[in-house]
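Numbering (the working numbering), first residue to last: 8 to 646.
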């Protein structure tokens, strides 16, 4: 029922009059202009909602524009149609605003204090502006559709450890803007479709293990996480598509669980620019497709794990890991495809007993550029490059590692013994011990060998640097060949043991902690063709973080697998060993976020009222647990 003018307070009459004229109802100016006659700035939330939705109010096409007001109560606009744009500046909404499944032309909430904001399924024809506002609870925008831009610049969101901004499956037409925002909790954009790009320069995200979850996203435009962007959690942009460049320069990423940045299986049509990026955690670039990668001056501290894994990545241009690039952990370039990989001036420290640089089967026409400025502490694997690249660019594979220097010293020692020992033996012969002048020939040969050894030493000292590196590499290859021969059987036995162990262990499961609940429900009416008195049943299976009330439940704990944002389970119920149609259903459950339910129809007229239904929960073909549901005595019962 719409409000009448007699029901309104002076402040509400002022707002209604301004909305009818298309003017801004500015309580800040009214307060400063005549404090003695100021009507107050408190507005009822019901009146504001009525003003935005009811056709009985004559509202100017500019919409409802309000500044400096205090809204008392929660503005409930769920499933409502806002006839005109809504603009709030400098207002206080202590109980928040609800816009679930609402429809609006444009919503602007700037420099406001909002207790609660919910817009699940919200449809906005133009922009949704939440700029410079402070939100005291998570901002919910899942499945929203925004024709313009989603703007959260300079906003502050105090969420929880799970979320600050939830915008899964959102559709945005003109970009997501999070510049200089302060977000306590995770930002979820999984499965989002964004046109115009994702911009979070100078933003700070903290309070969650996964700071930015944007996997399976389609982004038409640039992704900018640069200019001082800071995250105290992992940034996940895996299995997505970015039609533009990605900027990560001058940012700081910190991941408590090892991987700070994940671009696994993502296609980026532009260049990945990550200059001077500081990562406390590894970088996952497996199966990445990009135009080029520029990580000059980047620092990666991986805490014992792989610092940068670019296995099977496809880069159309160059990969720059140079000019101050430092990795405190191994680098994997296995089967990487790129025009050239530049490591000049880089430092890679893998630690003891670990391969520092693994570049097996590298596909690079211009090769791997190390140069004299690269410092690699640890072994280097380069099998499968091909002889052409090594001989054409010998100075780019300089032997600067400690094993190479030891191999050069060992080769020099063996060469000295091989030449000096026959010479010393020949010089000790006396003329009377060899018939027919043989002693003179042997002595001549010995002096010749010593002279050749002296010339070889002078030649090695006077060699140019590039040729000296070539000789050092050749000598190092001889030493490495002898070491490989000694370790060949041990390596083969270790590979066989690892293969047997992996086959016995089965597939690696996805981590999930929650509950499996199931309950038998009676449908109100029997279906056609069933006997009289028969009552059909329905099996409801729920997978979620908490137990279902009044339903048998068992805990699900998988902690020794891999961390993924969405876990897929297979539910397979049986009655007396026989499957139910459908035999199984697949359930995709977001980790620690929400619950998922599936239903199975059971035939009416079961043999006994206390018959057992077994619900088997599987993941990747492996049985996780089995729950027994009894029609007569429901309760917790594990099979």
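Even glycine gets a Cβ: it sits at the ideal position worked out from N, Cα and C.
Check, Outcome
"Please return the same chain residues whose Cβ sits closer than 6 Å to the Cβ of residue 229, not counting the five positions on each side in sequence.", "204, 251, 252"
"Based on Cα-Cα distance, which residue from 65, 349, 76 lies nearest to residue 26?", "65"
"Leaving out five residues on either side along the sequence, give the residues of the same chain with a beta carbon under 7 Å from the beta carbon of residue 325.", "299, 345, 346, 347, 349"
"Are the Cβ atoms of residue 103 and residue 128 separated by less than 8 Å?", "no"
"How big is the Cα-Cα spacing for residue 220 and residue 311?", "24 Å"
"Short check: CB of residue 308 to CB of residue 287, under 8 Å?", "yes"
"Please list, in chain order, all residues of the same chain as residue 199 whose beta carbon is under 6 Å from its beta carbon, the five residues on each side excluded.", "177, 224"
"Could you compute how far the alpha carbon of residue 628 sits from the alpha carbon of residue 516?", "10 Å"
"With a cut-off of 8 Å on the beta carbons, I'd call residue 110 and residue 88 a contact; round off their distance for me.", "5 Å"
"If distances are taken between C-alpha atoms only, which option among 196, 359, 370, 373 comes closest to residue 384?", "359"
"Excluding the five sequence neighbours on either side, which residues of its own chain have a C-beta within less than 8 Å of the C-beta of residue 609, listed in chain order?", "527, 543, 544, 545, 546, 582, 587, 620"
"Which of helix, strand or coil does DSSP assign to residue 305?", "coil"
"Would you kindly check if the distance between the Cβ of residue 216 and the Cβ of residue 235 is under 8 Å?", "no"
"What do you get for residue 92, buried or exposed, if any count of 16 or more other CB atoms within 10 angstroms of its CB means buried?", "buried"
"If I measure Cβ to Cβ from residue 14 and keep anything under 7 Å in the same chain, skipping five residues before and after, which residues do I get?", "none"
"By Cβ distance, which residues of its chain are closer than 6 Å to residue 388, with the 5 residues on each side in sequence left out?", "362, 365, 367"
"For a test of the three-state rule: what should DSSP assign to residue 152, helix, strand or coil?", "strand"
"Among the candidates 283, 246, 262, whose CA atom is the shortest distance from the CA of residue 292?", "246"
"Quick one: which unbroken beta strand (DSSP E) runs of 3-plus residues sit fully inside the segment 319-370? Chain order, please.", "325-327, 333-335, 347-349, 354-356"
"Near residue 82, what residues of its chain come up, given a Cβ to Cβ distance below 6 Å and the 5 sequence neighbours on each side ignored?", "52, 55, 56, 104"
"Tell me whether residue 519 is buried or exposed, calling it buried when 16 or more other Cβ atoms sit within 10 Å of its Cβ.", "buried"
"Could you spell out the range, first to last residue, of the alpha helix (DSSP H) harbouring residue 19?", "17-28"
"Thinking C-alpha only, which one of 185, 155, 602 is nearest residue 555?", "602"
"Provide the residue span of the beta strand (DSSP E) that contains residue 54, from first to last.", "Element bounds for residue 54: not the beta strand (DSSP E) but the alpha helix (DSSP H), 52-60."
"Can you tell me which of the three DSSP states residue 36 falls into?", "helix"
"When the distance is taken between beta carbons, is residue 297 closer than 8 Å to residue 314?", "no"
"Please work out which residues of its chain come closer than 6 Å, Cβ to Cβ, to residue 120, disregarding the five sequence neighbours upstream and downstream, and give them in chain order.", "99, 141"
"Going along the chain, which residues of its own chain have a beta-carbon closer than 7 Å to the beta-carbon of residue 283, five neighbours each way excluded?", "256, 257, 304, 305"
"Name the residue from 170, 318, 354 whose alpha carbon lies nearest to the alpha carbon of residue 328.", "354"
"Residue 172 and residue 201: beta carbons closer than 8 Å?", "no"
"Within this structure, are the beta carbons of residue 289 and residue 266 separated by less than 8 Å?", "yes"
"Looking at C-alpha atoms only, which residue of 271, 579, 131, 233 is the closest neighbour of residue 209?", "233"
"If you count every other CB in all the chains shown that lies within 10 Å of the CB of residue 192, and 16 or more means buried, which is it?", "buried"
"Of the choices 160, 125, 135, 158, whose alpha-carbon is the least far from that of residue 146?", "125"
"In the DSSP output, what is residue 120 paired with across the bridge?", "99, 141"
"How big is the Cα-Cα spacing for residue 132 and residue 154?", "5 Å"
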